[in-house]
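Notes follow the structure.
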Amino acid sequence: MFMTEEQKRKLTGKMKRMLRAKAHHLEPVVWVGKEGSDKVIKEVDRQLKDRGLIKVKIRRAALLYEDKYDIAEKLAKACDAEVVSVVGHVITLFRPREGWKKYLAKKPSKKVKKDEKIIELFEKFKKRAVKE
């Protein structure tokens with residue numbers, strides 16, 4: 001199945017949990033008001049470039065025109081970021097400063113094939129037998 005770059009870039013649950021923990025003490029640095037999210041995209045982009053992980057506060061007036069989840073997705077898409085969480089009127093966004101390549105790299109599997117494991121055990125017993 002062919003996956004787009006955007007689909008590959010999804011953060012895992014474990015990563016999101018870690019980022020939520022890091023963002024817990026952060027204060028919102030950008031506010032979305034009645035002007036909507038279009039006006040603040042530049043500022044969000046700049047803050048993400050500087051910090052990597054930010055919180056965005058949505059004012060009540062902005063919610064009259066758009067849903068908070070729509071605002072979060074719009075900001076994330078425009079700034080090449082990922083939505084970590086949306087809690088109440090606060091959105092947490094993440095974009096790595098060093099680029100997405102590190103987060104896209106697949107980690108090698110730790111699973112060992114049964115045959116390899118059996119051979120490994122056999123070699124250990126063989127070494128013990130030679131020593132005795």
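Taking UniProt numbering, the leading residue of the sequence shown gets 1, the next gets one more, and so forth.
Ideal placement from N, C-alpha and C gives every residue a C-beta, glycine not left out.
Just so we're clear, the structure is a prediction, and the values are computed from it rather than from any experiment.
If you count every other CB in all the chains shown that lies within 10 Å of the CB of residue 12, and 16 or more means buried, which is it? On the sequence shown, residue 12 is found 12 positions in, with the first residue counted as 1. Exposed: under 16 other Cβ atoms inside 10 Å.
Where do the N-terminal and C-terminal ends of the beta strand (DSSP E) with residue 53 fall, by residue? Here residue 53 is taken as the residue at index 53 of the sequence shown, counted from 1. 53 to 58 is the extent of the beta strand (DSSP E) around residue 53.
Quick check on residue 119: buried or exposed, where buried means 16 or more other Cβ atoms within 10 Å of its Cβ? Here residue 119 refers to the residue found at position 119 when the sequence shown is read from its first residue. Exposed: under 16 other Cβ atoms inside 10 Å.
Which residue's Cα is closest to the Cα of residue 21: 94, 125 and 124? The residue labelled residue 21 in the question sits at position 21 within the sequence shown. When the alpha-carbon of residue 21 is set against those of 94, 125 and 124, the nearest one is in 94.
Is the separation between the beta-carbon of residue 55 and that of residue 19 shorter than 7 Å? Position 55 of the sequence shown holds residue 55. Position 19 of the sequence shown holds residue 19. No.
Can you tell me the Cα-Cα spacing of residue 57 and residue 124, whole angstroms? On the sequence shown, residue 57 is found 57 positions in, with the first residue counted as 1. On the sequence shown, residue 124 is found 124 positions in, with the first residue counted as 1. When rounded, the distance between both Cα atoms is 59 Å.
Kindly list the residues whose CB is nearer than 7 Å to the CB of residue 65, restricted to its own chain and excluding five residues on each side of it in sequence; keep chain order. What you label residue 65 is simply residue 65 of the sequence shown in a count that begins at 1. 36, listed in sequence order.
If you reduce the DSSP assignment to three classes, tell me which class residue 83 lands in. Along the sequence shown, one-based indexing puts residue 83 at 83. In the structure shown, residue 83 sits in a strand (DSSP, three-state: E or B).
Taking residue 86 and residue 72 to be in contact with their CB atoms under 8 Å, please state how far apart those CB atoms are, rounded to whole angstroms. As a first step, residue 86 is located in the sequence shown; it is residue number 86 there, counting from the start. As a first step, residue 72 is located in the sequence shown; it is residue number 72 there, counting from the start. At roughly 5 Å, the Cβ-Cβ gap stays under 8 Å, so residue 86 and residue 72 are in contact.
Measure the CB-CB distance between residue 29 and residue 40 and report whether it falls below 7 Å. Numbered from 1 along the sequence shown, position 29 holds the residue referred to as residue 29. Numbered from 1 along the sequence shown, position 40 holds the residue referred to as residue 40. No, Cβ-Cβ distance for residue 29 and residue 40 is not below 7 Å.
Where DSSP assigns a beta bridge to residue 91, which residues make up the other side? Locating residue 91 in the sequence shown gives position 91, counting from the first residue. Paired residues: 56 and 86.
Can you give the Cα-Cα distance for residue 52 and residue 82, rounded to whole angstroms? Walking along the sequence shown from the start, residue 52 turns up at place 52. Walking along the sequence shown from the start, residue 82 turns up at place 82. Approximately 11 Å between the Cα atoms of the pair.
Using 7 Å as the threshold, is the C-beta distance between residue 84 and residue 14 below it? The residue you call residue 84 lines up with position 84 of the sequence shown. The residue you call residue 14 lines up with position 14 of the sequence shown. In this structure, residue 14 does not lie closer than 7 Å to residue 84 by Cβ.
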